[in-house]
Amino acid sequence: MNQVVIVTGGSRGIGAATSLLLAQQGYAVCVNYRANRASADKVVEAITQTGGRAFAMQADIAKEEDVIALFTATQQRFGPVTHLVNNAGILDKQSRLVEMSVARFRHVLDTNVIGCFLCCREALKQMPSGGAIVNVSSAASRSGAPFEYIDYAASKGAMDALTKGLSLEVAAQGIRVNAVRPGFIYTEMHADGGEPGRVDRLAPNIPLQRGGTPEEVANAIAWLLSDEASYVTGSFIDLAGGR
Ligand code: NAP
Numbered sequence: 248m249n250q251v252v253i254v255t256g257g258s259r260g261i262g263a264a265t266s267l268l269l270a271q272q273g274y275a276v277c278v279n280y281r282a283n284r285a286s287a288d289k290v291v292e293a294i295t296q297t298g299g300r301a302f303a304m305q306a307d308i309a310k311e312e313d314v315i316a317l318f319t320a321t322q323q324r325f326g327p328v329t330h331l332v333n334n335a336g337i338l339d340k341q342s343r344l345v346e347m348s349v350a351r352f353r354h355v356l357d358t359n360v361i362g363c364f365l366c367c368r369e370a371l372k373q374m375p376s377g378g379a380i381v382n383v384s385s386a387a388s389r390s391g392a393p394f395e396y397i398d399y400a401a402s403k404g405a406m407d408a409l410t411k412g413l414s415l416e417v418a419a420q421g422i423r424v425n426a427v428r429p430g431f432i433y434t435e436m437h438a439d440g441g442e443p444g445r446v447d448r449l450a451p452n453i454p455l456q457r458g459g460t461p462e463e464v465a466n467a468i469a470w471l472l473s474d475e476a477s478y479v480t481g482s483f484i485d486l487a488g489g490r
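Heads up: the sequence shown at position 239 corresponds to 486 in this note's numbering, and the numbers run straight through without jumps.
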């Protein structure tokens, strides 16, 4: 079977590790990014140099026309999309809810929630004979992320509800929908929250006493996408060192 996957935000962090792993496993990979072309090109180069199939595609997942173009381009390049990793996500500076602007609420929810909904919708149109979707949620959907980013946590809570509902809606079509909920992973995202060293600060309070790596999250995503997880749908894997 020709396995074709789109990894949204596949250019950096967890998405990059996932793109590289899935390419090694034989998937043709669309490495999506929003702004940072150089990082996406680096991932694609690493894949093609080792004989894998990949291409980079700019698309802001918060924009409907961009998402439609992303799925059309991938289908034209590799054939129908059989797998999707909804990984692209953003957060803003750590602050209390009372200090947050409506522009911030909209930006976070448009990207993390509407973006995920749009990508699921377009993927389903290309999956008449089954497929698999993994949503990259967060431990924040369980903690609520008080004093840091409740807006982000709520967006991940919405992804969890989407995962559950959609998994039931499409199960009879042979499409599985699952989620991973990472926490405290070493990526550049924490700098966007204003604290690049956040994972090291929190490490002593994590039961496993350390932060996680993007590769550890990628392993769980790849398993959920694979036939090894063929009886798993509407499920969540927590990757937060025991928190
Ligand atoms: P990251 O290092 O900041 O990378 C984010 C990726 O998403 C980049 O490839 C970025 O593209 C892309 N992106 C951002 N906005 C986009 C948009 N509107 N359209 C398309 N692509 C977009 O983030 P990360 O830490 O790997 O996080 C990946 C996912 O894991 C996110 O959903 C995040 O919420 C979740 N997560 C992370 C952690 C953690 O501790 N790191 C914990 C829990 C959950 P550009 O390079 O072009 O900007």
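From the three backbone atoms N, C-alpha and C, an ideal C-beta is built for every residue, glycine too.
DSSP, read as helix, strand or coil, puts Gln322 in helix. By the C-beta density criterion, Ser384 is buried, having at least 16 other C-beta atoms within 10 angstroms. Residue state for Tyr280 is assigned as strand, using DSSP reduced to three classes. Per the C-alpha coordinates, the member of Glu435, Thr480, Thr255, Phe394 positioned closest to Val328 is Thr255. Residue side-chain check: Lys372 keeps its Cβ at 8 Å or more from all non-hydrogen atoms of the ligand NAP. Beta-bridge partners assigned by DSSP to Asp485: Arg428. Distances taken from the Cβ of Ser385 to the heavy atoms of the ligand NAP include one shorter than 8 Å. One alpha carbon belongs to Tyr280, the other to Ala320, and they sit about 14 Å apart. Of all alpha-carbon atoms in Pro461, Arg490, Leu486, the one lying nearest the alpha-carbon of Gly260 is that of Pro461. Note that the C-beta distance between Ala426 and Gly459 is not below 9 Å. Taking 9 Å as the cut-off, the beta carbon of Ala309 is found closer than this to the beta carbon of Thr358. Under a 10 Å Cβ-count criterion, Tyr274 is classified as buried, with 16 or more other Cβ atoms of the shown protein chains found around its own Cβ. At least 9 Å separates the beta-carbon of Val355 from that of Met406. When DSSP states are grouped into helix, strand and coil, Met406 belongs to the helix group. Boundaries of the beta strand (DSSP E) harbouring Arg300: 300-305, taken from the DSSP string.
Shortest Cα-Cα distance from Cys277 to any of Ala285, Glu311, Gly298, Val332 involves Val332. Pairing Ala465 with Leu267 gives a Cβ-Cβ distance under 9 Å.
One thing to note: Thr410 has its Cβ within 9 Å of the Cβ of Phe483. Counting C-beta pairs with one atom in each stretch, the segment 372-389 and the segment 418-425 have three or more that are closer than 8 Å, which means they touch.
Taken through DSSP and simplified to helix, strand or coil, Gly378 comes out as strand.
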